[in-house]
Amino acid sequence: MPLLDTIIFIGSLVLLIGIVSSKLAARVGLPVLVLFLGIGMLAGEDGPGRIQFDNLSVAYAVGTLALAVIMFDGGLQTPLKALRLAWKPSLALATVGVVGTALITGLAAAWILELPLAVGALLGSIVASTDAAAVFSVLRSQGLRLRPRLAATLEIESGSNDPMAIFLTVALLQVLTNEAEPGLAQLGLLVKQMGLGTVVGLGVGWLSVRIVNGINLQTAALYPVLIGACGALAFGLAAMSGGSGFLAIYIAGIVIGNHRVVFQRGTGLFIHGLAWVAQITMFVVLGLLSSPTEVFAVVGEGLLIAAVLILVARPLAVVPLLLPFGFSAGEILLIAWGGLKGAVPIILAMFPLMVGLPQGPLLFNIVFFVVLASAVLQGWTLPLLAARLGLQEPSQPVPTVSLEISSLRDVDADIVEYTIQEQSLASETLLRDLHLPEQAVVAMIARRHELVPPRGSTRLQALDHVFIVLRPEAREEVDRIFSSGVSRSGPPAGPGQEQGPGVVQGQPEGPVDEAGLDEAVAGHEEVADEEERGAADQGGGGQPGDGAQGRQDHHADADDVGKDR
Numbered sequence: 002m003p004l005l006d007t008i009i010f011i012g013s014l015v016l017l018i019g020i021v022s023s024k025l026a027a028r029v030g031l032p033v034l035v036l037f038l039g040i041g042m043l044a045g046e047d048g049p050g051r052i053q054f055d056n057l058s059v060a061y062a063v064g065t066l067a068l069a070v071i072m073f074d075g076g077l078q079t080p081l082k083a084l085r086l087a088w089k090p091s092l093a094l095a096t097v098g099v100v101g102t103a104l105i106t107g108l109a110a111a112w113i114l115e116l117p118l119a120v121g122a123l124l125g126s127i128v129a130s131t132d133a134a135a136v137f138s139v140l141r142s143q144g145l146r147l148r149p150r151l152a153a154t155l156e157i158e159s160g161s162n163d164p165m166a167i168f169l170t171v172a173l174l175q176v177l178t179n180e181a182e183p184g185l186a187q188l189g190l191l192v193k194q195m196g197l198g199t200v201v202g203l204g205v206g207w208l209s210v211r212i213v214n215g216i217n218l219q220t221a222a223l224y225p226v227l228i229g230a231c232g233a234l235a236f237g238l239a240a241m242s243g244g245s246g247f248l249a250i251y252i253a254g255i256v257i258g259n260h261r262v263v264f265q266r267g268t269g270l271f272i273h274g275l276a277w278v279a280q281i282t283m284f285v286v287l288g289l290l291s292s293p294t295e296v297f298a299v300v301g302e303g304l305l306i307a308a309v310l311i312l313v314a315r316p317l318a319v320v321p322l323l324l325p326f327g328f329s330a331g332e333i334l335l336i337a338w339g340g341l342k343g344a345v346p347i348i349l350a351m352f353p354l355m356v357g358l359p360q361g362p363l364l365f366n367i368v369f370f371v372v373l374a375s376a377v378l379q380g381w382t383l384p385l386l387a388a389r390l391g392l393q394e395p396s397q398p399v400p401t402v403s404l405e406i407s408s409l410r411d412v413d414a415d416i417v418e419y420t421i422q423e424q425s426l427a428s429e430t431l432l433r434d435l436h437l438p439e440q441a442v443v444a445m446i447a448r449r450h451e452l453v454p455p456r457g458s459t460r461l462q463a464l465d466h467v468f469i470v471l472r473p474e475a476r477e478e479v480d481r482i483f484s485s486g487v488s489r490s491g492p493p494a495g496p497g498q499e500q501g502p503g504v505v506q507g508q509p510e511g512p513v514d515e516a517g518l519d520e521a522v523a524g525h526e527e528v529a530d531e532e533e534r535g536a537a538d539q540g541g542g543g544q545p546g547d548g549a550q551g552r553q554d555h556h557a558d559a560d561d562v563g564k565d566r
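My numbering numbers the first residue of the sequence shown as 2 and each following residue consecutively.
This is how it looks when you write it as structure tokens:
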């Protein structure tokens, strides 16, 4: 069998096993990082698969590309609100926190492994950063909902601390290989990496939004590819300029994700799917690269270093930095425990091997074991600790359907989904009594596995998913209506009035046609007028014929809204 055919067969088989087994991992709470590393180790030379793989260059290339995709997906899913909430503590953790963790872990590693201090510091630097892939996997794949500022701090720190870990690793390797002396030149390398990464990410992100919304492609399927190419451009341009490609692609993702772009929902799903494939591929390849017999030969030393890193170094570096920002004791404890390790330390552990450092194999095996220990211990227990500390928020009901309307031009309208909670005053309320603004119209109601035609006489129920077509200026008022700030017979609560506990989630689904919105709003008003006249004629009850006509008109209007220019 030709080599290419064999690679395709084995690759597809591993991918299928990874996707199917991820469902089992989610049910038992096992971090997917451990699952995919395990698959790679079983397929490797020491496992039943007996696949011989020791190509460091290929593994490094695969890991870098996969991590870039994961970072881009994380940026696309990071709302600007989260940045405003947590950029200061996240920046402190991503810089000073990484240095502190590296120093404490490095001193312990030098003593435990009887290594020179510089080599111990190199090991500490490699494992010091919190891994974005691991954090995103635990927080999002396992459905862990933390308090907004807490979740934002963990995610933004993990997405922005790679430049510091890379800087420390490269600087120490240069010293150990006599390529450079410690000094200001190496500090300049850090400033250059972070500065160029930030500038390129912001610039490419801004330009990408203009390109995507300004171009009129013949097929909507090309928009996700176009945005993915823009992310790759940010990474490549920053890396070629001497900046951090990971930071650039993460920031570019944040910029794109927080602007209105054509085919936004479809693009998000496409990139998220790519991130899953990248995660599976990366961890399987890293598992293949490892030798389980060599990794577990250092289990004693690895456990000691992992214990110091998790229980001593990370808390000592985190606590002093977070105290000035007003975090509670429980939140600080969870952030300290949430410093998960993943792909980045293993990729950085390849550097000593590639430059021929004598201690390179020992460092790689120790780092691999520390990552496994961190993923199993911290990744498995993080949701339990969050629940124990009372920091986990209730999950939102999952919609039974999703609405995607694509347009080939940027227009000023959204489709937003709201989930009705039991405690919301919108529950058991007639649509006509919601008093929606003129710039908004109910397009569809999903109730369990059924679609309910929206009419003025339709009564909303708890857990209904209501899809609203609206203009942005009406968003705030509609948000108030579908929280608990509206009475069943009166206007919505004003900005200064209390809204109570019934909260629903609104998620923009994509741009819609502006002319269609005008027709839909007009149709909504006609339907409401007809039903009110019918109700008056019948003493409060609408005629069946009027209701049927209302359903027909609204359906036609919804079709108009969905048409592309």
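Heads up, the beta-carbon is just placed ideally off N, CA and C, and yes, glycines get one too.
Within the same chain, Thr282, Met283 and Val286 come within 8 Å of Val63 by CB-CB distance, once the 5 residues on both sides are set aside.
Shown here, Gly45 sits in a strand according to DSSP, grouped into three states. Nearest C-alpha to Leu471 among Leu108, Ala444 and Trp381: Ala444.
Cβ-Cβ distances below 7 Å link Val296 to Asn366, Phe369 and Phe370 in the same chain, with the five nearest sequence neighbours on each side left out; the list follows chain order. DSSP places Gln393 within a strand segment (E or B) once states are collapsed to three.
Closest in alpha carbon position to Asp480, among Arg433, Arg456, Thr420 and Gln462, is Thr420. Secondary structure note for His436: it is in no alpha helix (DSSP H), with a DSSP letter that is neither H nor E. Distance from the CA of Gln379 to the CA of Gly41, rounded to the nearest whole angstrom, comes to 21 Å.
Looking from the CA of Ile20, the closest CA among Leu334, Trp88, Gly229 and Ala279 belongs to Ala279. For Arg448, the beta-bridge partners assigned by DSSP are Glu451. With respect to Ile250, Phe73 sits close: the two C-beta atoms are nearer than 8 Å. Beyond the five residues adjoining it in sequence on each side, His260 comes within less than 7 Å, by CB distance, of Val210 in the same chain, given in chain order. For the pair Leu390 and Arg148, the Cα-to-Cα distance works out to about 12 Å. Between Ala253 and Gly202 the beta-carbon gap is near 5 Å, inside 8 Å, which marks them as a contact.
In this structure, Ala129 is the residue among His273, Ala93, Ala129 and Val97 with its C-alpha nearest to the C-alpha of Ala109.
Here DSSP, grouped into helix, strand and coil, assigns Asp415 to strand.
Rounded to whole angstroms, the separation of the alpha carbons of Phe247 and Lys193 is 14 Å. Counted as a single uninterrupted DSSP element, the stretch harbouring Leu238 is not any beta strand (DSSP E) but the alpha helix (DSSP H) occupying residues Leu223 to Met241. Residues Ala307, Ile311, Leu341 and Lys342 of the same chain have their beta carbon placed closer than 7 Å to that of Ser375, with the five preceding and five following residues left out of the count. Between Val356 and Thr96, the gap from beta carbon to beta carbon reaches 8 Å or more.
DSSP lists Leu471 as the bridge partner or partners of Ala441. Counting along the chain, Glu115 sits inside no alpha helix (DSSP H), nor does DSSP assign it H or E at all. The beta carbon of Pro49 sits closer than 8 Å to the beta carbons of Leu43 from its chain, once the five residues preceding and following it are set aside; these are given in chain order. Between the alpha carbons of Phe264 and Leu435 lies a distance of about 30 Å. Between the alpha carbons of Pro455 and Leu238 lies a distance of about 50 Å. Leu461 sits close to Leu432, with the two beta carbons spaced by under 8 Å. Between Gly288 and Phe37, the beta carbon gap of about 7 Å places them in contact (Cβ cut-off 8 Å). Beta bridge pairing from DSSP links Ile52 with Gly45. Rounded to the nearest angstrom, the Cβ distance from Thr199 to Ile228 is 20 Å, too far for a contact under 8 Å. Of Gly75, Ile127, Lys89 and Gly12, the smallest CA-CA separation from Val99 is found for Ile127.
Sequence-distant partners of Gln360 (beyond 5 residues in either direction) whose C-beta falls short of 6 Å from its own C-beta, in its chain, are Val120. The Cβ-Cβ distance between Val139 and Leu373 does not fall below 8 Å. Under the criterion of beta carbons closer than 8 Å, Leu335 and Leu386 qualify as touching, at roughly 6 Å. No residue range can be given for Asp132, since it is assigned to no alpha helix (DSSP H) and is classified by DSSP as neither H nor E. Boundaries of the alpha helix (DSSP H) harbouring Gln175: Asp163 to Leu177, taken from the DSSP string.
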